[in-house]
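J.: Under the numbering used here, the first residue of the sequence shown carries the number 6, and numbering increases by one thereafter.
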Amino acid sequence: MATTADQKPAPVSKYDDYDFPTTAPEAQPGHPGHTTPEQDAKVEQLRSELEKEGYTERLDTLTLLRFLRARKFDVAASKAMFIASEKWRKEFGTDDLPRTFDYAEKPEVSQYYVQFYHKTDNDGRPVYIEKLGGIDLNALQKVTTDERMLKNLVTEYEKLADPRLPACSRKAGKLLETCCSIMDLKGASLWSAQSVYNYLSRASGISQNYYPERLGKLYLINAPWGFSTVFSVVKGFLDPITVKKIHVLGSGYQAELLKQVPKESLPKEYGGTCECEGGCENSDMGPWREAEWAKEPKWALPKTEEGQNAGVEKEAEVPEAAPQPTA
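1) Shorter than 8 Å from the beta carbon of ASN287 to some beta carbon of chain B?
2) Measuring straight from C-alpha to C-alpha, what distance separates ALA29 and LYS176?
3) Along the chain, which unbroken stretches of the beta strand (DSSP E) at least 3 residues long are found entirely within the region 84-133?
4) In angstroms, rounded to a whole number, what distance separates the CA positions of GLY129 and GLN146?
5) Thinking C-beta only, is GLN120 closer than 8 Å to GLU135?
6) Which runs of the alpha helix (DSSP H), 4 residues or longer, sit entirely within the region 234-295?
7) Answer yes or no: the CB of ARG104 versus the heavy atoms of the ligand GDP, is any distance below 7 Å?
8) Tell me, please, which residues DSSP counts as bridged to TYR224.
9) On the three-state DSSP scale, how would you describe LYS300?
10) Might you give, ordered along the chain, the residues of its own chain that have their beta carbon closer than 6 Å to the beta carbon of GLU182, omitting 5 neighbours on each side?
11) With burial defined as no fewer than 16 other Cβ atoms inside 10 Å of the residue's Cβ, what is the status of GLY210: buried or exposed?
12) With respect to the alpha helix (DSSP H) encompassing GLU49, which residues constitute its N-terminal and C-terminal limits?
13) For the alpha helix (DSSP H) containing ALA208, list its first residue and its last residue.
14) List the DSSP bridge partners of GLU163.
15) If you drop the 5 nearest sequence neighbours on each side, which residues of the same chain put their C-beta closer than 7 Å to that of GLU310?
16) In terms of DSSP beta bridges, what is GLU135 paired with?
17) Around the Cβ of TYR202, are there at least 16 other Cβ atoms within 10 angstroms (buried) or fewer (exposed)?
18) Taking only three categories from DSSP, how would you classify GLU310?
19) Is the CB-CB distance between ALA193 and LEU158 below 8 Å?
20) Give the DSSP-derived three-state secondary structure of ASP151 in the structure shown.
21) Using the C-alpha atoms, what's the distance from ASP21 back to TYR204?
22) Give a yes or no on whether the C-beta atoms belonging to LEU165 and THR27 are separated by under 8 Å.
23) Does the distance from the CB of CYS281 to the CB of GLU269 come in under 8 Å?
24) Once DSSP output is grouped into helix, strand and coil, what is the label at ARG175?
25) Identify whether LYS77 lies in helix, strand or coil by the three-state DSSP scheme.
26) Below 6 Å CB to CB, which residues in the same chain sit around PHE25 once its five sequence neighbours on both sides are set aside?
27) Measuring only the C-alpha atoms, how far is LYS191 from LYS222?
28) Using DSSP with H/G/I as helix, E/B as strand and the rest coil, what is ASP22?
29) Might you give, ordered along the chain, the residues of its own chain that have their beta carbon closer than 7 Å to the beta carbon of VAL114, omitting 5 neighbours on each side?
30) Among the candidates SER18, ASP244, ARG74, whose CA atom is the shortest distance from the CA of THR40?
31) Taking only three categories from DSSP, how would you classify ARG169?
32) DSSP state of ARG71, grouped into three classes?
33) Which residue from ASN227, LEU243, LYS249 puts its Cα closest to that of GLU274?
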């Protein structure tokens, strides 16, 4: 996928069935459209080794590049990560969840744990908002279970991959593979953090292990006293690239947040001007709901005999607002 003046584009794989832009907007090493010949060769090596293992799905270049970037282009480590992800997908029933999972208790869950996508940031990426500090675990356990919350999380990760990010890429005219996430820590305490640790640790594991390279920017707002000190220690164990994406802000976060998210995309309670009818948390507004940019997700298309999605392109019906996951 290298496209510099001195390089020819990498051959298109039979798996690369895209209907949105496929060149990353910034020339970052290892990102689509900005890879070296050596990195292109590692994509082909990884794909070939996985084919020999019998894998036929999710072998497209964009997906393999995300796994390779997550493991610093170590093919063996990337292969192990991919295989572990496929094993988990089969055991968890991931492929079927977007079509079959019914989160009927979502209205009740939202009273105690608010999560939602809402429009886009200045780069065109989906904005994801989560009120992490307001989680009431005891109340949640009366209306749902950790397992169903995780199924909802995975369902929404799948819907992030398709249709959300493709729609945003079409509208922006450039490849977008990540989100701008806002985690509201207002009301968070050490006790509340401990009480939800099991769920959050499992959710974090799913994100890191099975959906690599999806974090664009993360704003931790209304961070409680002492949080910055703790984070300064924790970040020493994180990848420097990841650390650059994370911004820890106190209660005076609005000015910094508005540099990344336009007022019209930000709910009024966070310093923006948006007041969606019925509440921003229930609107699911974004390019994925705009007929000009939305297309029916591939997971909704009928399967061919070989198990692949049929290649018949259809305009999407604008979906109903859906429950959202941890970003």
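Glycine included, C-beta positions come from ideal geometry on N, C-alpha and C. Please read all numbers here as calculations on a predicted model, not as lab measurements.
T.: Straight from the coordinates:
1) Of the chains in the structure shown, none is chain B; there is only one protein chain.
2) When rounded, the distance between both Cα atoms is 14 Å.
3) Note on the region 84-133: whole beta strand (DSSP E) runs with a minimum of 3 residues are 120-125, in chain order.
4) So the two alpha carbons sit approximately 36 Å from each other.
5) Yes, the pair counts as a contact, with Cβ atoms nearer than the cut-off.
6) Positions of the alpha helix (DSSP H) runs, each at least 4 residues long and wholly inside the region 234-295, are given as 245-250, 259-263, 285-288 in order along the chain.
7) Summarising the ligand content, the structure contains no ligands, and the ligand GDP is consequently not present.
8) Looking at the DSSP assignment, TYR224 forms a beta bridge with ILE187, HIS252.
9) It is a strand residue.
10) Counting only Cβ-Cβ distances below 6 Å, and skipping sequence neighbours, we find nothing.
11) It counts as exposed.
12) For GLU49, the enclosing alpha helix (DSSP H) covers residues 42-57.
13) Its alpha helix (DSSP H) spans residues 202-215.
14) Its beta-bridge partners do not exist; DSSP assigns none.
15) Unreliable placement is indicated for GLU310, whose pLDDT of 45 sits below 50; the coordinate value is still reported in the next sentence. Take GLU310, set aside five residues on each side of it, and no residue of its chain has a beta-carbon closer than 7 Å to its own.
16) In DSSP, GLU135 forms a bridge with GLN120, MET188.
17) Counting other Cβ atoms within 10 Å of its Cβ, TYR202 stays below 16 and is therefore classed as exposed.
18) Low confidence applies here, because GLU310 scores a pLDDT of 45, under 50, leaving its location unreliable; read the following figure in that light. Three-state result, GLU310: coil.
19) For ALA193 and LEU158, no; Cβs fall outside 8 Å.
20) Of the three classes helix, strand and coil, the one that applies to ASP151 here is helix, per DSSP.
21) A straight line joining the alpha-carbon of TYR204 with that of ASP21 spans about 35 Å.
22) No, the pair does not count as a contact, with Cβ atoms beyond the cut-off.
23) Cβ distance not < 8 Å, so CYS281 and GLU269 don't count as in contact.
24) The answer is helix: DSSP assigns ARG175 an H, G or I state.
25) Shown here, LYS77 sits in coil according to DSSP, grouped into three states, outside any helix or strand.
26) Contacts found: PRO171, SER174, ARG175.
27) If I take the Cα positions, the gap works out to 19 Å.
28) The three-state secondary structure of ASP22, taken from DSSP, is coil.
29) Excluding residues up to 5 positions away in sequence, LEU145, VAL148, THR149 lie with their Cβ nearer than 7 Å to the Cβ of VAL114 in the same chain.
30) Ranking SER18, ASP244, ARG74 by Cα distance to THR40 puts ARG74 first.
31) Helix.
32) ARG71 falls in the helix class under three-state DSSP.
33) Closest in C-alpha terms to GLU274, from the list ASN227, LEU243, LYS249, comes ASN227.
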